[in-house]
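Asker:
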Amino acid sequence: MYPFSNIEKKWKEKWLKTRIYEPDLDKAKKPFYNLMMFPYPSAEGLHVGNAYAFIGSDIYGRYKRMRGYDVFEPIGLDGFGIHSENYALKVKKHPADQAESSKERFYKQLQEIGNGFAWEERLETYTPEYYKWTQWIFIQMWKAGLVERRKASVNWCPSCKTVLADEQVVGGRCERCDSEVIKKDLEQWFFKITNYAEKLLSNLEKIDWSDNIKIAQKNWIGKSEGARINFPIVDSKENIEVFTTRPDTIFGATYMVLAPEHPLIRKLEEKISNKKAVQDYVLKTQSKTENERIADTKSKTGVELEGVKAINPANKKEIPIWIADYVLSSYGTGAIMAVPGQDERDWEFAEKFKLPIVRTVKPPKDFKGDAYLGDGPAINSDFLDGLEIEEAKKKTIQWLSKNGFGRTETNYHLRDWLISRQRYWGPPIPMIYCPACAKASADKNNAGWQPAPLKDLPILLPKLKDFRPKGTGEAPLASSPAFYKVKCPKCKGPARRETDVSDTFLDSAWYFYRYINMDKKKEAFNELRVKKWLPVDMYIGGAEHAVLHLLYSRFLAMAFKDMGLIDFEEPFTALRSHGLIIKEGAKMSKSKGNVVIPDKYIKRFGSDVLRMYLMFIGPFQDGGDWRDGGIAGIERFLTRVWNYFEARAKFIKKYPSATNVSVIKEVAPLFHQTIKKVGDDIEDLKYNTAISQLMILFNALEEPVSGKNNARGTLIKGFVGLNKNQHGEFLKLLTPFAPFITEELWEKLGNPYSIHQQKWPEYIEKYLTGDEISLIIQVNGKLRGTIQATRGISEKEAIEIAKGVDSVKVVLGKKKIKKTVFVPDKLINFVIN
RNA sequence: GGGCAGGUGGUGAAAUUGGUAAACACGCUAGGUUUAGGACCUAGUGCCUUAAUCGGCUUGGAGGUUCGAGUCCUCUCCUGCCCACCA
C-alpha cells in the first residue's frame with residue numbers, strides 16, 4: 100500500500116489552485132468539449148454506477164488534454180424535478196433545503212473521484228440564475244410556434260399526481276415511482292417535437308453515436324409509411340378516416356374499429372341503437388390502467404355500433420363499425436380498417452365476434468397460421484389480383500386518390516412532448532392566461548395565453564410551505580394567489596399565471612449551452628462561446644436516456660437552429676453509452692440493498708485504485724460486475740508501481756550520472772506497442788485492455804538488478820529496459836487512469852508540474868515489431884510446433900526448418916504433403932491426407 | 001410479439017483482415033519469507049488421461065464453407081436489456 104491519502108489530498112488542492120482544468124473559454128485554441136451526463140442528486144449520494152460513468156468520461160478527457168486539446172469538462176446537478184421532490188417528500192424536508200444538502204454531499208463525492216472537472220463553471224438547474232433561462236427558452240419555443248396548449252388523453256401517474264410524457268412511461272408504469280399509469284383527458288402544454296420527426300430520424304445517419312442509441316431512437320420515432328383512407332358512413336356526412344400501412348389489403352377490410360375515445364362516437368350517437376352498451380364499454384375501458392389494457396392483449400373486447408354502417412370504398416360493400424380498446428386513440432387516426440386476413444389482431448377479433456374474414460394475399464401452400472403477413476400475390480381484390488404487395492400498395496393509393504378516398508401518408512410513433520407537470524419542484528411555466536383576451540381570440544388552442552414579459556424573468560418559484568402534489572389536476576402553486584394573480588400584459592385586466600411547472604427534461608435538454616456561459620448574466624448563451632465550444636465533442640452517458648434526454652436535446656437544438664440562435668442541428672457530435680455496473684450478477688437497487696457507494700473504497704484504497712478497478716472490470720461500453728475481491732489486483736499493481744518509481748527516484752538522486760540506461764532490445768518493441776495500444780484503446784473506450792497492456796509492460800520492466808530479491812515487499816528494482824525519458828513516458832500512459840499517483844511520482848522523478856499538461860507519448864513505427872518472430876507450424880490446421888525465426892524468413896527456408904522439428908516429423912511420418920500454406924511471419928501449414 | 005446486446009476456465013475477461021483460444025487480473029494449490037497483515041515473493045493452475053511426458057478434447061448446441069473457424073454462413077437453444085394491441 101502506498102500513501103495515497105496524502106498524495107490525493109495534496110494534488111486535489113494544487114490542481115484547484117493552479118486551475119489546470121479550467122480552459123480559457125474565450126481564447127482556447129483547440130477547444131474540446133468533453134461532456135458527461137450530469138447526475139440527479141439523490142440523497143444517498145453518488146453510487147458506483149455514477150462514478151463509473153464519470154471516471155470513464157474523465158479518462159477520455161485527460162487523454163485528449165495530453166493530445167493538445169483545451170479540454171472543458173464541466174459538472175453540475177440536475178436537481179429540479181420529480182425525482183428530487185419525491186425524495187424530499189419522503190424525508191419530510193423542503194425540496195429547496197434538501198437540494199442544499201444533496202449538493203454539498205454530491206460535490207464532495209465528485210471531488211473525491213479524481214476527475215479533471217472545471218469546477219468554476221458548475222451549475223444547478225434549480226437556481227433562479229439557471230431556470231431564468233429555462234423559462235426564456237420556453238418563451239422562445241412559444242414564439243417559434245412550437246408550444247401548444249391542448250386537451251388530450253394523457254398519461255397520469257396517480258402516485259406522483261401529475262401527467263407524464265410518453266417517454267416517461269416505462270412498461271405502463273411511471274418512470275419515477277413505478278406506479279401504474281392511467282389515461283386522463285386533460286388540457287396540457289405540449290412541445291411540438293413531432294414537427295421534427297423526420298429530421299430527428301434522418302439526421303441519425305450523420306452523427307457518430309453508439310448504434311444501440313441510434314437504433315433505440317429510430318424505433319421510438321417509429322416511422323411508418325402507408326395511406327390515409329376515408330370510409331364513408333351510410334346516410335351520414337361523416338367519414339371514418341383510417342391510417343394503414345397495408346392499403347393493398349383494402350378488399351379484405353370487412354369491418355371498422357374505432358378507439359373508445361374516438362370523437363365520432365359522440366357525433367353518431369343519434370343513430371346508434373345500442374347506446375347504453377356502447378357507453379358502458381367506453382366507461383369500462385377508461386377505468387383500466389395502461390397495463391390492464393396491455394394484459395388483455397390476448398382477449399379482445401369490443402362492442403358493435405349498431406345502426407350504423409360504413410362503406411368500403413373499394414368494393415362498395417356495407418361493413419359494420421365496432422369500438423374496441425385494441426385500437427389506440429393516440430396512434431394514427433384512432434380508427435382502423437380491420438383486415439383479419441392479413442392482421443393477427445384483427446383475425447383474433449373477427450374470430451371472437453364472428454366477423455367475416457377475406458384473405459387478400461395468397462399464402463403459400465404449406466401455410467398453417469391464421470392471419471398471413473408474408474408476401475404473395477393479391478387475391479379477392481378485383482383490379483389488384485395477382486400483384487405483389489408493393490405494387491398493389493402503389494396501385495391502391497393511385498386508385499384511392501383518383502377517386503378521392505385517400506392519399507399516401509407517413510405516420511410516426513413519436514408524440515408531442517407533454518411538458519407541463521402538476522408539481523412544485525420545477526421552473527414555473529412562464530405563461531399567463533387572460534380570460535378577456537381569450538374571448539377576443541379566434542384560436543382554438545392557445546386562446547388567451549401569452550408569455551410573461553421577458554423583463555419579469557425569472558418567474559421565481561416561491562418557497563411554498565405546502566408543496567405536496569394535490570392530485571386534483573392542479574399544481575401546488577395554484578393554492579398561492581400571491582403567485583398566480585397577475586395583470587394581463589396585453590389588456591392589463593385581471594389574469595392568471597400558469598401554475599404548472601415544466602418537465603425536468605427541459606432543464607437538462609440545454610444545460611450544456613449554459614456551462615460555457617455561466618459568467619454571462621444577460622443571455623442564456625453567447626453566440627461566440629457557442630461557436631467556439633459547441634456542438635459537444637464527446638458525450639458519455641447511460642443508454643437509459645436514449646429516448647428521453649437525448650431526443651429532447653436534439654429537438655431543442657433543431658428548434659434553436661431554426662430560430663437562428665445557433666448554427667448546428669446536432670448538439671452532440673459523438674456520443675457513447677456506457678454499460679451498467681451490476682453487483683454479483685444482479686442489478687443494484689435500493690430494495691435489494693446491494694448498492695455500492697464508492698466512499699468507503701476510496702477511503703480504503705484511494706481513488707486511483709477505485710478508478711482503475713472500475714475500468715478494468717470489462718469494456719466500458721458493456722459495464723461489468725462489481726466484486727470486492729477484484730480490487731486487490733489493481734491495488735497490488737499500483738503499489739508495485741509506487742515502489743518501483745520511488746526506488747527509481749532515490750536511485751537517480753544518489754547516482755545522477757547513471758540515469759541514461761540504454762534501451763534494452765526486448766523491451767523496446769513492447770514499449771512502443773504499449774504506447775500505440777493504450778492510445779488506440781482509449782479512443783475506443785476499451786480501458787480494460789489498455790490497463791492490461793500497461794501491466795504487461797510494467798511486468799516486463801520490473802526485473803530485479805541481480806536476479807535475486809531480498810524477499811521483502813520493497814525490492815530494490817533494476818532499472819533495465821527504459822531510459823530516463825521512457826520512465827516518465829510510462830507514467831504518462833498511466834496518468835489518465837490514475838491521475839494522483841502518477842502526478843506524485845512524476846514530481847519525484849524531478850519533472851516539471853503537471854504531468855496532466857504533458858504531451859502524450861508518440862510511438863515509433865519501426866520499433867513496433869521486433870526482429871524475432873515465432874512461426875507457427877501446423878499439420879492439417881493443427882498446431883504441431885513453433886520455431887523462432889528472423890522476420891522475413893522465406894517460405895523455402897521455413898519449410899525446411901519446419902520439417903526438421905521433431906514434433907512435426909512424428910505427425911508427418913512418411914505421408915505425402917499435398918499442399919503447403921505459408922503466411923509470412925505467421926505460420927506454415929502442411930496439408931496431408 | 002418486435003428490436004438490440006450477449007453466451008469463451010472456478011470468477012471478471014482477452015483474442016487485428018479467419019492464422020498458437022484463454023492475454024491481463026481475481027481465486028485456488030504448493031513452497032518461501034516476515035515486523036503475523038486486509039501482506040509480500042517464487043512456481044503451478046482450461047478439461048480428460050498420465051508418476052511425468054506423450055496424447056486427446058475444448059469457445060451454448062447441430063450442421064456447413066475453408067489448408068485452417070470463438071471469428072464467416074444456415075438452423076437451433078438459452079440469458080440480459082429496451083420497446084410493445086403502432087394498424
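Numbered per this note's numbering, the first sequence spans residues 100 to 932. The beta-carbon is built from N, C-alpha and C at its ideal position, and this holds for glycine as well. The structure displayed is predicted, hence computed values, not measured ones.
Using 10 angstroms around the beta-carbon of D125, count the other beta-carbons present and answer buried if the total reaches 16, otherwise exposed.
Answerer: Taking the first residue of the first sequence as 1, we reach residue 125 at position 26. Answer is exposed; the Cβ neighbour count stays below 16.
Asker: Span of the beta strand (DSSP E) holding G884?
Answerer: Stepping through the first sequence from its first residue, residue 884 is reached at position 785. That run of the beta strand (DSSP E) goes 881–889.
Asker: Excluding the 5 residues flanking P346 on each side, which residues of the same chain have their C-beta closer than 6 Å to its C-beta?
Answerer: Stepping through the first sequence from its first residue, residue 346 is reached at position 247. Answer for P346: A326, K492, T495, I496, listed in chain order.
Asker: Mind pulling the alpha helix (DSSP H) runs of 4 or more residues that sit fully within the segment 146–229?
Answerer: Complete alpha helix (DSSP H) runs here, min 4: 147–165, 181–189, 194–211.
Asker: Would you identify the three-state DSSP class for R118, choosing helix, strand or coil?
Answerer: Working through the first sequence from its first residue, we reach residue 118 at position 19. Coil at R118, not helix or strand.
Asker: Note down the Cα distance separating K111 from E842, rounded to an integer number of angstroms.
Answerer: Here the question's residue 111 lines up with position 12 in the first sequence. Here the question's residue 842 lines up with position 743 in the first sequence. About 11 Å.
Asker: Would I681 and D599 be called neighbours here (beta carbons separated by less than 7 Å)?
Answerer: Here residue 681 is taken as the residue at index 582 of the first sequence, counted from 1. Here residue 599 is taken as the residue at index 500 of the first sequence, counted from 1. No.
Asker: Would you report the Cα separation of K366 and A434, rounded to the nearest angstrom?
Answerer: For this step, residue 366 is matched to residue 267 along the first sequence. For this step, residue 434 is matched to residue 335 along the first sequence. So the two alpha carbons sit approximately 15 Å from each other.
Asker: Rounded to the nearest angstrom, what separates P359 and A423 at their Cα positions?
Answerer: Position 260 of the first sequence, counting from 1, holds the residue named residue 359. Position 324 of the first sequence, counting from 1, holds the residue named residue 423. Straight-line Cα distance between these residues: approximately 6 Å.
Asker: Along the alpha helix (DSSP H) that carries Y786, what are the first and last residues, could you check?
Answerer: The residue given as residue 786 occupies position 687 in the first sequence. Counting along the chain, the alpha helix (DSSP H) containing Y786 begins and ends at 786–800.
Asker: Name the two residues that bound the continuous alpha helix (DSSP H) containing F750.
Answerer: To locate residue 750, count along the first sequence from 1; it is residue 651. 730–753 is the extent of the alpha helix (DSSP H) around F750.
Asker: For K584, which residues from the same chain have a beta carbon less than 8 Å from its beta carbon, with the 5 sequence-adjacent residues on both sides left out?
Answerer: The residue labelled residue 584 in the question sits at position 485 within the first sequence. Around K584: P593, R595, R596.
Asker: Determine the burial state of L553: buried for a count of at least 16 other Cβ atoms within 10 Å of its Cβ, exposed for fewer.
Answerer: The count along the first sequence starts at 1 and reaches residue 553 at position 454. L553 should be labelled exposed.
Asker: G321 to Y425, Cα distance in whole Å?
Answerer: Reading the first sequence from its first residue, position 222 is the one you call residue 321. Reading the first sequence from its first residue, position 326 is the one you call residue 425. If I take the Cα positions, the gap works out to 19 Å.
Asker: Could you pull the start and end residues of the beta strand (DSSP E) that L679 belongs to?
Answerer: Working through the first sequence from its first residue, we reach residue 679 at position 580. Per DSSP, L679 belongs to the beta strand (DSSP E) from 679–682.
Asker: Have a look at Y230, K207, W446, M165 and flag the residue whose alpha-carbon is nearest the alpha-carbon of I174.
Answerer: The residue you call residue 174 lines up with position 75 of the first sequence. If we check each option's Cα against that of I174, K207 comes out closest.
Asker: Give a yes or no on contact between the segment 698–710 and the segment 767–780, applying the rule of three or more CB pairs nearer than 8 Å.
Answerer: Result no; under three Cβ-Cβ pairs closer than 8 Å.
Asker: If contact is defined by three or more beta carbon pairs under 8 Å, each pair taking one atom from either stretch, is the segment 551–570 in contact with the segment 534–543?
Answerer: Touching, no.
Asker: For the alpha helix (DSSP H) containing L303, list its first residue and its last residue.
Answerer: By one-based count along the first sequence, residue 303 stands at place 204. That residue, L303, is in no alpha helix (DSSP H); it is neither H nor E in DSSP.
Asker: Should G440 be labelled buried (16 or more other beta-carbon atoms within 10 Å of its own) or exposed?
Answerer: Taking the first sequence and counting its residues from 1, the one referred to as residue 440 is at position 341. Buried is the call here.
Asker: Could you check what DSSP says for M714 in three-state terms: helix, strand or coil?
Answerer: Here residue 714 corresponds to residue number 615 of the first sequence, with the count starting at 1. Here M714 sits in helix by DSSP.
Asker: Kindly identify the DSSP beta-bridge partner or partners of E643.
Answerer: Residue 643 sits at position 544 when you count from the first residue of the first sequence. The partner list for E643 (beta bridge, DSSP) is empty, contrary to what the question assumes.
Asker: Using alpha carbons as the reference points, say which of Q210, A150, G160, L222 lies closest to L176.
Answerer: Counting from 1 along the first sequence, the entry for residue 176 is found at position 77. Ranking Q210, A150, G160, L222 by Cα distance to L176 puts L222 first.
Asker: Based on DSSP bridge pairs, tell me the residues matched to S519.
Answerer: Here residue 519 corresponds to residue number 420 of the first sequence, with the count starting at 1. Note: S519 sits in a beta bridge opposite S601.
Asker: When DSSP labels each residue in this structure, what does R726 get in the three-state scheme?
Answerer: Start at 1 with the first residue of the first sequence, and residue 726 comes out as number 627. In the structure shown, R726 sits in coil (DSSP, three-state: anything other than H, G, I, E or B).
Asker: Does N502 pass the burial test, meaning 16 or more other C-beta atoms within 10 Å, or should it be called exposed?
Answerer: Indexing the first sequence from 1 puts residue 502 at position 403. Exposed is the call here.
Asker: Taking the Cβ atom as the reference point for each residue, do W80 and F770 lie within a distance shorter than 7 Å?
Answerer: In the structure as shown, the chain starts at 100 and stops at 932, and residue 80 therefore has no counterpart that could be examined.
Asker: In this structure, does DSSP put W255 in helix, strand or coil?
Answerer: Locating residue 255 in the first sequence gives position 156, counting from the first residue. Of the three classes helix, strand and coil, the one that applies to W255 here is strand, per DSSP.
Asker: By alpha-carbon positions, which one of E107, A152, S104 ends up nearest to L674?
Answerer: Position 575 of the first sequence, counted from the first residue, corresponds to residue 674. Answer by Cα proximity: A152.
Asker: What's the C-alpha gap between P331 and E508?
Answerer: Taking the first sequence and counting its residues from 1, one reaches residue 331 at position 232. Taking the first sequence and counting its residues from 1, one reaches residue 508 at position 409. Taking the straight line joining both Cα atoms gives about 19 Å.
Asker: Assuming contact is defined by CB atoms lying nearer than 7 Å, are S519 and W288 in contact in what I supplied?
Answerer: Reading the first sequence from its first residue, position 420 is the one you call residue 519. Reading the first sequence from its first residue, position 189 is the one you call residue 288. Contact flag set, yes.
Asker: Under 7 Å between the Cβ atoms of I312 and A645?
Answerer: Residue numbering aside, residue 312 sits at position 213 when the first sequence is read from its first letter. Residue numbering aside, residue 645 sits at position 546 when the first sequence is read from its first letter. Cβ atoms of I312 and A645: closer than 7 Å.
Asker: Assign V585 to one of three DSSP states: helix, strand, or coil.
Answerer: For the purposes of this step, residue 585 is taken as residue 486 along the first sequence, with counting starting at 1. Reduced to three states, the DSSP call for V585 is strand.
Asker: Jot down the residue ranges of each uninterrupted alpha helix (DSSP H) in the segment 361–437, minimum 4 residues, whole runs only, in chain order.
Answerer: Listed in chain order, they are 363–366, 374–385, 389–394.
Asker: By how many angstroms is the C-alpha of W516 removed from the C-alpha of K416?
Answerer: Position 317 of the first sequence holds residue 416. Position 417 of the first sequence holds residue 516. Each residue's alpha carbon lies about 40 Å from the other.
Asker: By how many angstroms is the C-alpha of L713 removed from the C-alpha of F829?
Answerer: Taking the first sequence and counting its residues from 1, the one referred to as residue 829 is at position 730. Taking the first sequence and counting its residues from 1, the one referred to as residue 713 is at position 614. Going from the Cα of F829 to the Cα of L713 covers about 21 Å.
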